[in-house]
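Asker: Sending over a structure as structure tokens; questions will come in a sec.
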Amino acid sequence: MQILKFTSKGIYCIPGNFYIDPWQPVDLAVITHGHADHAKPSMKKYLCHHFTKPILQTRIGADIHCQSVAYGETIYINGVKMSLHPAGHIIGSAQIRMEYKGYVAVVSGDYKLQDDGLSTPFEYVKCNEFVSESTFGLPIYHWLSVSEQELQLKNWVEQNRKNGKTSVFIGYSLGKAQRIMKALEGLGRLHVHYSIARLNMAYESAGIQLPEYQSVDLRNGTKELEKEIIILPPSLLDSQLLKKIPAVSHAICSGWMQVRGARRWRSADAGFAISDHADWNDLLTVVKATEAEKVYVTHGQQAIFAKYLNEIGINAMEVKTSYGEEEDYSTKTETE
Amino acid sequence: MKDFATLINTLDSTNKTSLKLEAIAHFLDAASNQDKLWFLALFTGKRPKRNTSTALQKQWLLEVTSIPEWLFLECYAAVGDLGETIALMLPPPTEIIEKTLSEWMQEILQLQEASEEQKKTFVLNAWNHLDYTERFIFNKLLGGSFRLGVSSKTLINALAKYFWIDATAVAHSIMGDWKMESAQFAQLVKGEYTNTGLSQPYPFCLAYPLEKEILNIEDWQAEYKWDGIRGQLIKRQGQIFIWSRGEELVTEQFPEIKNALLDFPDNIVLDGEILAYKNNEVLPFTALQKRLNRKTLSKKLLEEIPVAVFCYDLLELDGNDMRPQPLHIRRSLLENLFTGNRSSLIQLSPIVQYDSWEKLRAIREKSRDVNSEGVMLKYRESPYHVGRKKGDWWKWKVDPFSIDAVLIYAQKGSGRRSSYYTDYTFAVKQGDHLVTIAKAYSGLTDKEIQEVSRFVNKHAVEKFGPVRTVKPELVFEIAFEGIGFSNRHKSGVALRFPRIARWRKDKTVADIDNIDEIKKMIPA
Numbered sequence: 059m060q061i062l063k064f065t066s067k068g069i070y071c072i073p074g075n076f077y078i079d080p081w082q083p084v085d086l087a088v089i090t091h092g093h094a095d096h097a098k099p100s101m102k103k104y105l106c107h108h109f110t111k112p113i114l115q116t117r118i119g120a121d122i123h124c125q126s127v128a129y130g131e132t133i134y135i136n137g138v139k140m141s142l143h144p145a146g147h148i149i150g151s152a153q154i155r156m157e158y159k160g161y162v163a164v165v166s167g168d169y170k171l172q173d174d175g176l177s178t179p180f181e182y183v184k185c186n187e188f189v190s191e192s193t194f195g196l197p198i199y200h201w202l203s204v205s206e207q208e209l210q211l212k213n214w215v216e217q218n219r220k221n222g223k224t225s226v227f228i229g230y231s232l233g234k235a236q237r238i239m240k241a242l243e244g245l246g247r248l249h250v251h252y253s254i255a256r257l258n259m260a261y262e263s264a265g266i267q268l269p270e271y272q273s274v275d276l277r278n279g280t281k282e283l284e285k286e287i288i289i290l291p292p293s294l295l296d297s298q299l300l301k302k303i304p305a306v307s308h309a310i311c312s313g314w315m316q317v318r319g320a321r322r323w324r325s326a327d328a329g330f331a332i333s334d335h336a337d338w339n340d341l342l343t344v345v346k347a348t349e350a351e352k353v354y355v356t357h358g359q360q361a362i363f364a365k366y367l368n369e370i371g372i373n374a375m376e377v378k379t380s381y382g383e384e385e386d387y388s389t390k391t392e393t394e
Numbered sequence: 027m028k029d030f031a032t033l034i035n036t037l038d039s040t041n042k043t044s045l046k047l048e049a050i051a052h053f054l055d056a057a058s059n060q061d062k063l064w065f066l067a068l069f070t071g072k073r074p075k076r077n078t079s080t081a082l083q084k085q086w087l088l089e090v091t092s093i094p095e096w097l098f099l100e101c102y103a104a105v106g107d108l109g110e111t112i113a114l115m116l117p118p119p120t121e122i123i124e125k126t127l128s129e130w131m132q133e134i135l136q137l138q139e140a141s142e143e144q145k146k147t148f149v150l151n152a153w154n155h156l157d158y159t160e161r162f163i164f165n166k167l168l169g170g171s172f173r174l175g176v177s178s179k180t181l182i183n184a185l186a187k188y189f190w191i192d193a194t195a196v197a198h199s200i201m202g203d204w205k206m207e208s209a210q211f212a213q214l215v216k217g218e219y220t221n222t223g224l225s226q227p228y229p230f231c232l233a234y235p236l237e238k239e240i241l242n243i244e245d246w247q248a249e250y251k252w253d254g255i256r257g258q259l260i261k262r263q264g265q266i267f268i269w270s271r272g273e274e275l276v277t278e279q280f281p282e283i284k285n286a287l288l289d290f291p292d293n294i295v296l297d298g299e300i301l302a303y304k305n306n307e308v309l310p311f312t313a314l315q316k317r318l319n320r321k322t323l324s325k326k327l328l329e330e331i332p333v334a335v336f337c338y339d340l341l342e343l344d345g346n347d348m349r350p351q352p353l354h355i356r357r358s359l360l361e362n363l364f365t366g367n368r369s370s371l372i373q374l375s376p377i378v379q380y381d382s383w384e385k386l387r388a389i390r391e392k393s394r395d396v397n398s399e400g401v402m403l404k405y406r407e408s409p410y411h412v413g414r415k416k417g418d419w420w421k422w423k424v425d426p427f428s429i430d431a432v433l434i435y436a437q438k439g440s441g442r443r444s445s446y447y448t449d450y451t452f453a454v455k456q457g458d459h460l461v462t463i464a465k466a467y468s469g470l471t472d473k474e475i476q477e478v479s480r481f482v483n484k485h486a487v488e489k490f491g492p493v494r495t496v497k498p499e500l501v502f503e504i505a506f507e508g509i510g511f512s513n514r515h516k517s518g519v520a521l522r523f524p525r526i527a528r529w530r531k532d533k534t535v536a537d538i539d540n541i542d543e544i545k546k547m548i549p550a
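Those protein sequence lines, which keep their order, are chains A and B. For the first sequence, the numbering used here assigns the number 59 to the initial residue and increments by one for each residue that follows. For the second sequence, the numbering used here assigns the number 27 to the initial residue and increments by one for each residue that follows.
In structure tokens:
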């Protein structure tokens, strides 16, 4: 039985005649989550989780043709029984479960096991075929617990305050920025870049309460930001605007920051390994829990992770996709 | 070790000097005398010998984690540092134990007499009781290598600022021969042990690349810029010390120079260039290289590649610091030292005579003929500065050779550069196929490196371990200082100091140079 086919347009569900996260225009695109490398413009019709819909509308266009569903809700497409299950990656992120004639395939998109308190926690789904990402598929990536990470961020802000510094956090505007906000809740005023504020509305419309914040546009001056807490997207990392903030000390929040070389490359004043992807152990945990007979490994360390899975007795192969490389390589943090 | 770990973490990530200085000051406030001495020792190269091999550490890691070796090697390739790879791959500690930096160093020193089994127990136990950052530092201490994000100059400035003393004095005080067991940190930095160290060198005065034509040429002394090793020759109370610019004592590597210096007056310090020198001619740097970092010097090698020092400055005379004196005074005192022509092994670097800028330019253009790499211009009234100071010493190097070559192999860098492809191999044409000619690691901006990395990711044709073969498409101009026959590369030539001059986005692989033409650049 073959349900999935990896084509030049994206991951294709053969009996259902639809694509999952395609990178070229198709008739029906089922979208795992709202990050730009998974949700592309120009699809005739989109299908995604309720929480992802406002994100697509903000990012792609208010006029897109988009149907949304809840987690666990079953719909039939050309005889394929399809449902969405929480992936824990960001708000609205979903694993796509497809069942046809009793055979089950799951495309997980991007996922993580850690409960960040904002995304619906990851749900284990048993299947015959599992498509897994491998962004951090090397045994050097081990995340601290969410509470330890939050403590790290808080301590850094406290230390900056003692030294009269302004704390700037750099994190992807969808998912990471909101986690940073949550970690810093109660520490004082939070200034977030307007592009983050725009996506915060998607969270609020889903009924998720974020800490209070003020939207900021650095082009309107930075004087009043001294010694405050600011959250910015990675696109501002190399900009002059960042340098203009008085007494600035900036931290990058990204899984890549686990490695010293990456921290030094970005020459951030601090780097925190906080990621919305599964670390090495969690990737293994998830893959094993699916009990899949066949695992397709996509974007990241696909060759290495697939080889290792085969060595421990799990039938796996690597698959080339466009995920994770669409955003500028220079800001690897973007696709996280 | 928490204070030390915090310090290293900050020094290592930020590139703001102000933050680095702050972090060092915090550490100096918090740490004990012994910890501060160790800090100084580690950052000035006085580290202890390695007592456990990295091969053993790796073996122990594989045992602890049951990870296959190939996967370890993939991790190592991604991280670019062995001690860090191990720190990242280990399971989380079962319990944290607090020990000071000097306690750890003492225990590591004691490993010298330990059996392999004892070493293993000690290391595994330490790994199991340290958090990630401290584990990484512990592995670095264990490995005997310690290079972290602070230059010795920044360190000296931080200490000078902290103690409110002159940076020159600090540099002089900490450079010499002090003992961990007997030193007091504050006294050491303040120079209270300085006079006892006969060996202490002065910080070298360094030049900047020439920025524009010099107008009042009569105020400027010109010399050849020699392509050897910068050396400081010290003779004090009959004892001889030779220091290299890397602040390494290299006396024993040049026994003939040591001998020759015995004929000179006592209590002098000379600045000059150590060069390979045979039959009254300076040899290219590649010849000198064969003499460097040898454990033993065979008689044959000493005869095959004799060395000489070309001196161009006098830093100490009769035990007096001459550095505040203007150059023309130092030069005439230096010349006095050489009257009677003591030895061909230590000689005066000649002054280059010129009466116009055009003349000097012509001399510079021909400087390769005497195996020099250009000319130096020194302001006659200038003192001998500490380190790099703009305005009084200029270097005017001869233009490099250059060729256009195509990128064919790429490999990820190490350390800071480990996330990107930064190490490149280039090829030129031979008939209708390509032959490798040089490897180069530098010359591109961070942005360009990212762009090349993206290209490599998309266009990797083959994979040999960490090396990617890429489609021959990107053309670069490669600059280099010299060229000779060699069998290191398939092209049959080797370039001296190749680096990327620029990315020729305007050129395609059809426009690159041909090896037959390139070989014509080789001096007969």
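Cβ atoms here follow ideal geometry from the backbone N, Cα and C, with glycine treated the same way. Here the structure is a predicted model, which is why all the values come from computation and not from measurement.
1) Per DSSP, what kind of secondary structure is A/Gln115 in: helix, strand or coil?
2) Report yes if the CB atom of B/Lys166 is closer than 8 Å to the CB atom of B/Gly109, and no otherwise.
3) Please check if any C-beta of chain A sits within less than 8 Å of the C-beta of B/Lys125.
4) Taking the alpha carbon of B/Tyr446 as the point to measure from, which residue in A/Trp314, A/Asn339, A/Asp334, A/Thr379 has its own alpha carbon closest?
5) In the DSSP assignment, what are the bridge partners of A/Cys311?
6) Just how far apart, CA to CA, sit B/Ile544 and B/Ile538?
7) What residues in the segment 86-100 of chain B have a beta carbon less than 9 Å from any beta carbon of chain A?
8) So with CB distances below 8 Å, who are the chain B contacts of A/Gln316?
9) Helix, strand or coil: which one does DSSP assign to A/Tyr252?
10) Might you give, ordered along the chain, the residues of its own chain that have their beta carbon closer than 6 Å to the beta carbon of A/Arg324, omitting 5 neighbours on each side?
11) Establish whether the CB of A/Trp323 and some CB of chain C are separated by less than 8 Å.
12) Within its chain, find whatever has a CB closer than 7 Å to the CB of B/Phe280; leave out the 5 residues flanking it on each side and keep chain order.
13) Thinking just about the alpha-carbon of each residue, which of A/Tyr271, A/Leu299, A/Ser380, A/Gln236 is nearest to the one in A/Ile332?
14) Using only the alpha-carbon positions, how far apart do B/Arg390 and B/Ile240 sit?
15) Would you say A/Glu181 faces chain B, with C-beta separation under 8 Å as the test?
16) Residues of chain B with CB closer than 7 Å to the CB of A/Gly336, please, in chain order.
17) Per DSSP, what kind of secondary structure is B/Thr222 in: helix, strand or coil?
18) Should B/Thr40 be flagged as near chain A, meaning a C-beta pair shorter than 8 Å?
19) Determine, using beta carbons only, whether A/Asp340 comes closer than 8 Å to chain B.
20) Pick out whichever of A/Gly146, A/Ile289, A/Lys285 has its Cα sitting closest to the Cα of A/Glu270.
21) Given that a residue counts as buried once 16 or more other Cβ atoms are within 10 Å of its Cβ, and exposed if not, what is B/Leu500?
22) In the DSSP output, what is B/Lys560 paired with across the bridge?
23) Assuming B/Ala527 and B/Ser393 are in contact, meaning their beta carbons sit under 8 Å apart, how far apart are those beta carbons, in whole angstroms?
24) Can B/Trp246 and B/Leu403 be called in contact, C-beta distance under 8 Å?
25) Going by the CB atoms, is the gap between B/Ser128 and B/Trp64 shorter than 8 Å?
26) In the DSSP assignment, the beta strand (DSSP E) including A/Glu376 goes from what residue to what residue?
27) Am I right that B/Tyr250 and B/Val396 are in contact with their C-beta atoms under 8 Å? What's the rounded C-beta distance?
28) Which residues in the same chain as A/Ile372 place their Cβ atom closer than 7 Å to its Cβ, once the five residues preceding and following it in sequence are excluded?
29) Taking C-beta pairs closer than 8 Å, name the residues in chain A that B/Leu176 reaches, listed in chain order.
30) Kindly list the residues whose CB is nearer than 7 Å to the CB of B/Glu361, restricted to its own chain and excluding five residues on each side of it in sequence; keep chain order.
31) My parser needs the alpha helix (DSSP H) runs of 4 or more residues fully inside the segment 61-98 of chain B; what are they?
32) Answer yes or no: does any C-beta atom of chain B fall closer than 8 Å to that of A/Asn221?
33) Confirm, please, whether the CB-CB distance from B/Leu353 to B/Arg406 is below 8 Å.
34) Spell out whether any CB of chain B is found under 8 Å from the CB atom of A/Gly229.
35) With a cut-off of 8 Å on the beta carbons, I'd call B/Ile266 and B/Val295 a contact; round off their distance for me.
36) The alpha helix (DSSP H) with A/Met239 in it runs from where to where?
Answerer: Taking the coordinates as given:
1) Residue state, collapsed to three classes: helix.
2) Going by C-beta atoms, B/Lys166 is nearer than 8 Å to B/Gly109.
3) Interface criterion not met: the Cβ of B/Lys125 is under 8 Å from no Cβ in chain A.
4) The closest CA to that of B/Tyr446, considering only A/Trp314, A/Asn339, A/Asp334, A/Thr379, is found on A/Trp314.
5) Paired residue(s): A/Phe330.
6) Separation of B/Ile544 and B/Ile538 (C-alpha to C-alpha, rounded to the nearest whole angstrom) is 11 Å.
7) The residues in question are Thr91, Ile93, Pro94, Trp96, Leu97, Phe98, Glu100.
8) Residues of chain B whose Cβ lies closer than 8 Å to the Cβ of A/Gln316 are, in chain order, Leu114.
9) In the three-state reduction of the DSSP assignment, A/Tyr252 falls in the helix class.
10) Only residues of its own chain outside the window of five on either side were considered, and among them Ile310 have a CB closer than 6 Å to the CB of A/Arg324, listed in chain order.
11) Although the question refers to chain C, the structure presented lacks it and instead comprises the protein chains A and B.
12) For B/Phe280, where only same-chain residues beyond five positions count, the Cβ hits under 7 Å are Ile268, Ile300, Val333.
13) It is A/Gln236.
14) If you take the alpha carbons of B/Arg390 and B/Ile240, they lie about 14 Å apart.
15) Interface residue (Cβ-Cβ distance to chain B less than 8 Å): A/Glu181 is not classified as such.
16) Sequence inspection shows Ala at residue 336 of chain A; the Gly mentioned does not correspond to that position. Near A/Ala336 there are no residues of chain B at all, since even the closest Cβ is about 16 Å away, more than 7 Å.
17) Per-residue confidence for B/Thr222 stands at a pLDDT of 45, beneath the threshold of 50, marking its modelled position as unreliable; the derived number appears in the next sentence. Three-state DSSP puts B/Thr222 in a helix.
18) Chain A places a beta carbon closer than 8 Å to that of B/Thr40, counting this residue as a contact.
19) So, not an interface residue.
20) With distances taken between Cα atoms, A/Glu270 lies closest to A/Ile289.
21) So B/Leu500 counts as buried.
22) The structure shown does not extend to residue 560 of chain B, since chain B is modelled only from 27 through 550, so no value can be given for it.
23) That belief does not hold up - the Cβ atoms of B/Ala527 and B/Ser393 are roughly 20 Å apart, past 8 Å.
24) Yes, the pair counts as a contact, with Cβ atoms nearer than the cut-off.
25) Annotated as proximal: B/Trp64 and B/Ser128, with beta-carbon spacing under 8 Å.
26) First-last of the beta strand (DSSP E) with A/Glu376: 374-376.
27) The pair is a contact, with the Cβ atoms about 7 Å apart (cut-off 8 Å).
28) Once the five neighbours on either side are set aside, the close Cβ partners of A/Ile372 are Val345, Val353.
29) The sequence given here places Val at residue 176 of chain B; Leu does not occur at that position. Within chain A, no C-beta atom comes nearer than 8 Å to that of B/Val176; the closest sits roughly 12 Å away.
30) These residues qualify, in order along the chain: Leu374.
31) Runs of the alpha helix (DSSP H) inside the segment 61-98 of chain B: 80-91.
32) True, the Cβ-Cβ gap to chain B drops below 8 Å.
33) Taking the C-beta atoms as reference points, B/Leu353 is found nearer than 8 Å to B/Arg406.
34) Not one chain B Cβ lies under 8 Å of A/Gly229.
35) That belief does not hold up - the Cβ atoms of B/Ile266 and B/Val295 are roughly 11 Å apart, past 8 Å.
36) 234-241 is the extent of the alpha helix (DSSP H) around A/Met239.
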